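Residue numbers (the numbering used here): 237 to 743.
Note that CB positions come from ideal geometry on N, CA and C, so glycine has one too.
Here the structure is a predicted model, which is why all the values come from computation and not from measurement.
Here it is, written out as structure tokens:
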């Protein structure tokens, strides 16, 4: 029984031929005699956990640390300038400064840190805070003693103390940020658009200066006279392949050498980057007007660039939009269940078996999905269903089908597409693969519509661009919607859709 209860490692440890027995014999015959047994090493943390901790510290630690130091700086200003009667005053001052910096993006890790640039924004904040505290304080610390000169001196000391604390925190944060970014594991994969001397210079800077946190994976041939490109910077393809290249190489930052890229490609690339939630750095040319306007210009080792943020679909925009879509679609399915059943029965009586019509459409990132509608017409074959543009006025359509199409009730099953994640309530109208291929060849901006999920309704539909209307205008309207997306904008489109449907029904 005892032998049966022993595990194989235990048996091996007990027999002379086992690993433990061999080790014991070696220690006994060693000239140094028996050696002290080594303590077993604790198991290392799994790589994915280490990466998660690094991302957590990098993504939340930096802004949280800066916000905390700004709060301390603001509270210091309050304490220096005023007699603190209640902790509410310093807390409100701290929240005000932190809120202003959050609004202005002050806690975003900069690509090219500069304490002088930070001072230009921090000094007015601390000066205004000290002035407000001094003006509102009902018991000034030196009122009646040092007069106006003493009050001014105290105001200057408070503002200077706040700036010193905030700048010291940023200097420390920049040092830590540079050390973290210098490690190759934390450097973002960057794609350089251009193959001329400017892009080669920028790529060399990014490779040599790890504190910028970018690791170039290659460059894009833009037709510019090629410079001497090192082996570490392979040419990955042309501008028409950027979408695929960014996905294949998991690119998170795109650097565009503006003077080496045609303007039409710059616009398209910026839109692709916003759709993929990628950071975009536009390296300015000497003739670029952005350098002399109010645009925010940063520098990479002296090279001017503009940081282009992604629109509202980045960050929390997409998750919030998705939650809203699912909640509204589920609620609509429940509330409209009697209408859905009535439509299904009417279609069954009118066209026979097969209440739902299934059709392939192109959605987010160019992926196919099956769109659902109530059947209003039975096509002759699958080829007709895939390639016929419009069935309005078809003699085969019965009264039920015409009614469903006129009232848009045939679109209600697409609420299930929204729940499944194939579609959104608001977005560009998804199209069939045959027409997507045709329109993409004739309209350069058409494929940019696939940056987001297709919608049951959209900005172009509520403005009458449906059916036999200009595809180019549809693409323009849809891309404008994507570029300027806001949550309130979606609500506006839904209300406009309701108005359009009611007007068509009354008409």
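Beta-carbon proximity list for residue i, same chain, < 6 Å, skipping 5 on both sides
i: residue 348; result: 534, 535, 536
i: residue 394; result: 313, 316, 317, 366
i: residue 530; result: Low per-residue confidence applies at residue 530: pLDDT is 44, beneath 50, and the placement is therefore not dependable, though the value from the model is reported in the following sentence. None.
i: residue 264; result: With a pLDDT of 42 at residue 264, under the threshold of 50, the predicted position of this residue should be treated as unreliable, and no value is reported.
i: residue 580; result: 591
Beta strand (DSSP E) segment containing residue i, residue limits
i: residue 638; result: That residue, residue 638, is in no beta strand (DSSP E); its alpha helix (DSSP H) goes 635-643.
i: residue 453; result: 450-457
i: residue 540; result: 539-544
i: residue 660; result: 659-662
i: residue 500; result: Taken as a continuous stretch (DSSP letters only), residue 500 belongs to no beta strand (DSSP E), being part of the alpha helix (DSSP H) at 499-511.
i: residue 436; result: Note, residue 436: premise wrong, no beta strand (DSSP E); alpha helix (DSSP H) at 433-444.
i: residue 520; result: Segment: none, residue 520 is in no beta strand (DSSP E) and carries neither H nor E.
i: residue 656; result: Premise fails: residue 656 lies in the alpha helix (DSSP H), 650-656, not in any beta strand (DSSP E).
i: residue 692; result: 690-693
i: residue 604; result: 604-610
i: residue 493; result: 489-493
i: residue 427; result: 424-429
i: residue 471; result: 471-474
i: residue 595; result: 592-598
Straight-line gap, residue i to residue j (C-alpha atoms, nearest Å)
i: residue 396; j: residue 482; result: 46 Å
i: residue 649; j: residue 675; result: 26 Å
i: residue 517; j: residue 735; result: 41 Å
i: residue 684; j: residue 641; result: 28 Å
i: residue 439; j: residue 469; result: 8 Å
i: residue 729; j: residue 688; result: 16 Å
i: residue 485; j: residue 512; result: 13 Å
i: residue 570; j: residue 609; result: 17 Å
i: residue 436; j: residue 412; result: 28 Å
i: residue 738; j: residue 639; result: 13 Å
i: residue 510; j: residue 309; result: 35 Å
i: residue 732; j: residue 722; result: 15 Å
i: residue 444; j: residue 408; result: 22 Å
i: residue 644; j: residue 479; result: 35 Å
i: residue 406; j: residue 602; result: 43 Å
i: residue 541; j: residue 452; result: 16 Å
i: residue 457; j: residue 301; result: 41 Å
i: residue 697; j: residue 714; result: 9 Å
i: residue 500; j: residue 304; result: 44 Å
i: residue 521; j: residue 344; result: 25 Å
i: residue 575; j: residue 568; result: 11 Å
i: residue 370; j: residue 362; result: 12 Å
i: residue 447; j: residue 410; result: 9 Å
i: residue 218; j: residue 611; result: Look at the range of the chain in this structure, 237 to 743, and you will see that residue 218 is not part of it.
i: residue 388; j: residue 368; result: 13 Å
i: residue 572; j: residue 700; result: 26 Å
i: residue 671; j: residue 582; result: 31 Å
i: residue 338; j: residue 682; result: 35 Å
i: residue 555; j: residue 563; result: 12 Å
i: residue 636; j: residue 614; result: 13 Å
First through last residue of the alpha helix (DSSP H) which encompasses residue i
i: residue 713; result: 707-719
i: residue 316; result: 298-317
i: residue 335; result: 324-339
i: residue 673; result: 669-678
i: residue 587; result: 573-587
i: residue 483; result: 478-484
Close beta carbons around residue i, own chain, < 7 Å, minus the five adjacent residues each side
i: residue 450; result: 423, 424, 426, 442, 489
i: residue 662; result: 691, 693, 694, 726, 729, 730
i: residue 708; result: 679
Where residue i falls, given that 16 or more other Cβ within 10 Å makes a residue buried
i: residue 666; result: buried
i: residue 357; result: exposed
i: residue 561; result: buried
i: residue 659; result: buried
i: residue 272; result: Model confidence at residue 272 stands at a pLDDT of 48, short of 50, so the residue's coordinates are unreliable; what they give is reported in the following sentence. Exposed, because fewer than 16 other Cβ atoms sit within 10 Å of the Cβ of residue 272.
i: residue 599; result: buried
i: residue 281; result: In this predicted model, residue 281 has a pLDDT of only 46, less than 50, meaning its place in the structure is not dependable; the value taken from the coordinates is given anyway. With fewer than 16 Cβ atoms within 10 Å of its Cβ, residue 281 is classed as exposed.
i: residue 262; result: Residue confidence for residue 262 is low, a pLDDT of 43 falling below 50, so the modelled location carries little weight and cannot support an answer.
i: residue 587; result: buried
i: residue 429; result: buried
i: residue 646; result: buried
i: residue 496; result: buried
i: residue 334; result: buried
Proximity test, residue i beta-carbon vs the ligand FAD heavy atom, cut-off 8 Å
i: residue 347; result: The model on display carries no ligand, and the ligand FAD is accordingly not part of it.
Cβ neighbours of residue i in the same chain (closer than 8 Å, five flanking residues each side left out)
i: residue 403; result: 351, 354, 355, 358
Any chain B beta carbon closer than 9 Å to residue i
i: residue 460; result: Looking for chain B here will not work: only one protein chain is present.
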